[in-house]
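Protein chains in written order, with our numbering: chain A, 3 to 115; chain B, -8 to 106.
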């Protein structure tokens, strides 16, 4: 079945770049997403990429997609302490009449001063 | 505030009691989703509505769970005879069909604790 894998933890120093990686299994996904979740809060959509794209840049965020290897990454430039959160990768896959999101377990990003 | 709104934010209930949660989606969004998130995990799909029609249900949604969206606007999720294993964050999301599938916006969630 569909499966999304992420590493659990990442620590970086403030000002450095962070790279969060994700692998997915469903080759029919049309969009892949990155969500951010702060403690006790819901999910905030950060960015998404269409499956026929290789890269998308949005201010400090860069998403890279390697469709052949089913690998997605999120790079955060100039990481700040406010970026500390859990980051979820998600793919949308077709099930019945609509597409559902399948999420990874999340990567806890800790930004050290 | 025009985001997805969920109420209550927190609910503590005794095992065996029934609970009901409410979700108000973004007003023009015709698709509404319920997800469940347990500690240390990503959200898992429970069910999906397009307007008032419930079109998909996960096998995670046991007979004790029922969801409605009577007028195609707000939705309720009811859990009957709660069990400790139902303790989780229940998240609602909405999107707009026809292009908006790209973007599903989530509410803040309702955290359920069954004691």
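Just so you know, even glycine gets a beta-carbon here, dropped at the ideal spot from N, CA and C. Here the structure is a predicted model, which is why all the values come from computation and not from measurement.
Using a CB distance cut-off of 8 Å, residue 11 (chain A) does not count as an interface residue toward chain B.
The Cβ-Cβ distance between residue 10 (chain B) and residue 82 (chain B) does not fall below 8 Å. Taking a Cβ-Cβ threshold of 8 Å, the residues of chain A close to residue 34 (chain B) are 45, 90, 103, 105, in chain order. As computed with DSSP, residue 102 (chain A) is found in a beta bridge with A:95.
Going by C-alpha positions, residue 102 (chain A) is about 5 Å away from residue 94 (chain A). Between the alpha carbons of residue -1 (chain B) and residue 40 (chain A) lies a gap of roughly 19 Å. Our two residues, residue 51 (chain A) and residue 96 (chain B), have alpha carbons roughly 16 Å apart in a direct line. Take residue 66 (chain A), set aside five residues on each side of it, and the residues of its chain with a beta-carbon closer than 6 Å to its own are 57, 75, in chain order.
In the three-state DSSP reduction, residue 99 (chain B) falls in the coil class, being neither helix nor strand.
For residue 106 (chain B), there is no enclosing beta strand (DSSP E), as DSSP gives it neither H nor E. Per DSSP, the unbroken beta strand (DSSP E) holding residue 45 (chain B) starts and ends at 44 to 48. According to the DSSP assignment, residue 58 (chain A) belongs to the beta strand (DSSP E) that extends over 57 to 60.
Cβ-Cβ distances below 6 Å link residue 57 (chain B) to 69 in the same chain, with the five nearest sequence neighbours on each side left out; the list follows chain order.
The beta carbon of residue 94 (chain B) falls within 8 Å of a beta carbon belonging to chain A, placing the residue at that interface.
Bounds of the beta strand (DSSP E) holding residue 3 (chain B) are 1 to 4. Counting only the Cα atoms, residue 115 (chain A) lies some 38 Å from residue 77 (chain B). Per DSSP, residue 20 (chain B) lies in no beta strand (DSSP E) and is assigned neither H nor E. Of all residues in the stretch 46 to 58 of chain A, only 46, 47, 50, 52 come within less than 9 Å of chain B when Cβ atoms are compared, listed by chain position.
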